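These notes concern the structure reproduced below.
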Amino acid sequence: MHKRALIILLALPLLFQACSKKIVPLATQDISKALAIQEIDFEYFHGKARLNFNDGKKEREVKANIRVRKDSVIWMTFSVIGVQGGKALINHDSITIVSTVDKEYFVFDYAELSKRFNFKIDYHVIQSAFLGNLILPRSQDDKVERLPTYDLLTQQKGSVLIKNYINASLSKIEKVELTEVDSKNAITLNYTNFQAVENKIFPYNGVISLVYKTPAGVLNNVITFEYNKAEVGDRELRFPFNIPRKYDRR
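To convert, note that position 9 of the sequence shown is 194 in this note's numbering; the numbers rise steadily by one, no gaps.
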């Protein structure tokens with residue numbers, strides 16, 4: 186699999202019409218009353234999805250088995266044509282990615298990623314991006330704009346501007362735009378094909394687009410995901426994860 190695209194996916198979130206429209210800042214209490222956003226809640230999540238990575242030069246597709254224990258751990262395995270090619274474990278301390286094909290692994294801590302993207306990245310940010318929930322908690326500094334077919338919630342964290350586009354009829358986030366003001370690095374998340382999972386609505390399809398400047402030039406990566414299974418519940422799941430001693434750390 187394309188390691189750079191996989192790293193971007195996991196650190197993602199690591200990263201980091203009418204006339205006379207007005208953006209109206211509201212107090213926290215008023216925001217809660219005026220803008221409803223349905224976020225999926227659970228104890229355990231299990232999903233299976235097809236992931237496609239495209240960096241403009243190469244395109245790779247893998248199948249992913251995903252398990253999440255809320256606010257604790259995200260566990261994934263990746264396979265190509267039925268053969269396991271890698272796995273990942275994300276917890277509150279770090280992100281570990283293992284390539285069983287290349288017999289190597291990567292470990293990232295959140296401080297390193299936050300510095301790289303100039304945005305505070307933690308477990309909550311990554312979990313929210315995976316599930317289509319708000320990247321940042323709502324606050325009294327948020328701004329709300331009412332539009333005919335959607336609501337726009339604008340937030341700012343340091344130099345990162347976040348725009349959340351909420352489907353007015355579903356009360357679900359359809360698009361998130363994150364822009365680092367100084368560097369103009371940007372991530373766009375699009376969520377579609379909303380289906381019922383238990384008593385909540387979950388996006389079965391999504392596209393993650395990243396434009397990111399590096400010393401070697403500008404990266405333009407697109408990651409597409411399509412779930413064919415998504416379940417939530419309180420049945421305990423297992424998260425087996427080990428790294429063979431002979432694997433090299435990169």
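Using N, Cα and C, we set each Cβ at its ideal position, and we do this for glycine too. Predicted, not measured: the structure shown is a model, and the values here were computed from it.
Query: Alpha-carbon spacing of Lys-414 relative to Arg-420, whole angstroms; Result: 16 Å
Query: Spatial neighbours of Tyr-397 in its chain, beta-carbon cut-off 6 Å, leaving aside the 5 residues before and after; Result: Asn-370, Leu-404
Query: Residue(s) in a DSSP beta bridge with Gln-312; Result: DSSP lists no partner for Gln-312.
Query: Option nearest Ala-296 by Cα separation, candidates Phe-238, Ile-306, Tyr-290; Result: Ile-306
Query: Within the segment 211-254, ranges of the beta strand (DSSP E) (whole runs, at least 3 residues); Result: 229-239, 244-254
Query: Close Cβ partners of Asn-250 (< 6 Å) along its chain, the five nearest in sequence each way excluded; Result: Lys-233, Thr-262
Query: Buried or exposed by the 16-neighbour rule on C-beta atoms within 10 Å, applied to Glu-244; Result: exposed
Query: Whole-angstrom distance between Val-247 and Ser-264, CA atom to CA atom; Result: 6 Å
Query: Identified DSSP bridge partners for Ser-284; Result: Gly-271, Glu-289
Query: Where Lys-357 sits in the DSSP three-state scheme; Result: strand
Query: Segments assigned beta strand (DSSP E), at least 3 residues, entirely inside the segment 334-406; Result: 335-342, 345-352, 357-365, 371-382, 385-399
Query: Rounded separation between Val-286 and Ala-401 - CA only; Result: 26 Å
Query: Three-state secondary structure (DSSP) of Lys-300; Result: helix
Query: Nearest-angstrom Cα separation, counted from Lys-328 out to Val-292; Result: 37 Å
Query: Val-366 to Gln-340 span [Cα, whole Å]; Result: 13 Å
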